[in-house]
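Since the structure comes first, as structure tokens, the remarks are kept for the end.
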Amino acid sequence: NAGVMQNPRHLVRRRGQEARLRCSPMKGHSHVYWYRQLPEEGLKFMVYLQKENIIDESGMPKERFSAEFPKEGPSILRIQQVVRGDSAAYFCASSQEEGNGYTFGSGTRLTVV
Amino acid sequence: AQTVTQSQPEMSVQEAETVTLSCTYDTSESDYYLFWYKQPPSRQMILVIRQEAYKQQNATENRFSVNFQKAAKSFSLKISDSQLGDAAMYFCAYKGGSEKLVFGKGMKLTVNP
Chain U
1 NAGVMQNPRH LVRRRGQEAR LRCSPMKGHS HVYWYRQLPE EGLKFMVYLQ
51 KENIIDESGM PKERFSAEFP KEGPSILRIQ QVVRGDSAAY FCASSQEEGN
101 GYTFGSGTRL TVV
Chain F
1 AQTVTQSQPE MSVQEAETVT LSCTYDTSES DYYLFWYKQP PSRQMILVIR
51 QEAYKQQNAT ENRFSVNFQK AAKSFSLKIS DSQLGDAAMY FCAYKGGSEK
101 LVFGKGMKLT VNP
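Here the protein sequences line up with chains U and F, keeping their order.
The first sequence runs 1 to 113 under our numbering.
The second sequence runs 1 to 113 under our numbering.
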């Protein structure tokens with residue numbers, strides 16, 4: 001069981017470019033969560049998805065950010081026209097069902113230059 | 001909205017000694033979960049211990065135990081017989097009726113040989 005896989009581990013983008021972060025949940029897990037960690041901060045919830053559905057996106061900025069979890073393939077967090085303030089570590093977690101334990105990936109560190 | 005507070009940004013402990021990490025939270029919910037996560041330099045978020053609010057008995061996992069005071073909304077983590085591998089950032093987290101985890105800002109634990 002490979003656990004939650006996130007790639008890339010590190011991503012560097014210039015201001016104005018797009019960033020795509022991928023997350024493959026644990027085998028058998030159909031719930032995916034994205035969190036953002038700014039330097040010296042705890043993780044902040046962004047979005048919760050199930051297959052083909054966004055359940056809760058209350059933590060996601062209204063502009064430039066989007067997330068999907070298609071029927072086949074990994075979950076994608078997409079940031080358009082990145083700005084320096086988007087630099088952070090982005091973590092994905094998955095669970096088998098609501099209320100159950102979460103397993104986190106190792107995160108993607110996004111640096112915007 | 002729920003909040004989680006970790007008032008000590010850093011602590012240190014001698015190897016083999018015991019250390020207690022503090023955490024307080026604020027909520028109006030009666031049914032919830034509390035967690036302690038460890039984040040070593042590898043950035044991986046590792047679940048240390050979990051407590052259900054309806055359980056009066058404090059959770060324990062080997063050298064890790066909690067002191068859960070529901071009325072005081074306090075959830076401290078005790079690490080016994082500290083080991084060098086325990087050095088990491090430690091995050092307290094809350095989960096209520098929604099699927100979001102609410103994290104504290106974290107505390108850096110140093111273990112001195």
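Just so it is clear, CB atoms sit at the ideal spot from N, CA and C, and this is done for glycine as well.
Three-state class that DSSP yields for ASP26 of chain F in the structure shown:
Looking at ASP26 of chain F - three-state DSSP - the assignment turns out to be strand.
Which bits of chain F does TYR48 of chain U rub up against, with CB to CB less than 8 Å?
At a C-beta separation below 8 Å, TYR48 of chain U has these neighbours in chain F: GLU99, LYS100.
Let me confirm a value: PHE31 of chain F is counted as buried when at least 16 other C-beta atoms fall within 10 Å, else exposed. Which label applies?
In the sequence on display, residue 31 of chain F carries Asp and not Phe. By the 10 Å Cβ count, ASP31 of chain F comes out exposed.
Any chance the region 37 to 47 of chain U sits against the region 11 to 28 of chain U, with 3 or more Cβ pairs inside 8 Å?
In short, these stretches do not touch, since the Cβ pair count stays below three.
CYS92 of chain U beta carbon less than 9 Å from that of LEU38 of chain U:
Cβ atoms of LEU38 of chain U and CYS92 of chain U: not closer than 9 Å.
Would you mind working out which of U:SER94, U:GLY105, U:SER87 sits nearest VAL112 of chain U, comparing C-alpha positions?
Distance from the Cα of VAL112 of chain U is smallest, within the candidate group U:SER94, U:GLY105, U:SER87, for U:SER87.
Buried/exposed call for ALA19 of chain U, threshold 16 Cβ in 10 Å:
So ALA19 of chain U counts as buried.
Please classify ARG84 of chain U: does DSSP put it in a helix, a strand, or coil?
DSSP, reduced to helix, strand and coil, places ARG84 of chain U within a helical segment of the structure shown.
Return no unless some Cβ of chain U is closer than 9 Å to the Cβ of LYS78 of chain F.
For LYS78 of chain F, the answer is no, since every Cβ of chain U falls outside 9 Å of its Cβ.
ILE79 of chain U and GLU68 of chain U: beta carbons closer than 9 Å?
Not closer than 9 Å, so no.
Roughly how many whole angstroms lie between the Cα atoms of LYS71 of chain U and ILE55 of chain U?
Taken atom to atom, the span from the alpha-carbon of LYS71 of chain U to that of ILE55 of chain U is near 15 Å.
With DSSP as the reference, identify every bridge partner of MET46 of chain U, one or two as the case may be.
MET46 of chain U pairs with nothing; no bridge assigned.
Quick check on ARG84 of chain U - is its C-beta less than 9 Å from some C-beta in chain F?
Taking Cβ atoms only, chain F never reaches closer than 9 Å to ARG84 of chain U, which makes this a no.
Tell me, which residues are paired with ARG20 of chain U by DSSP?
For ARG20 of chain U, the beta-bridge partners assigned by DSSP are U:ARG78.
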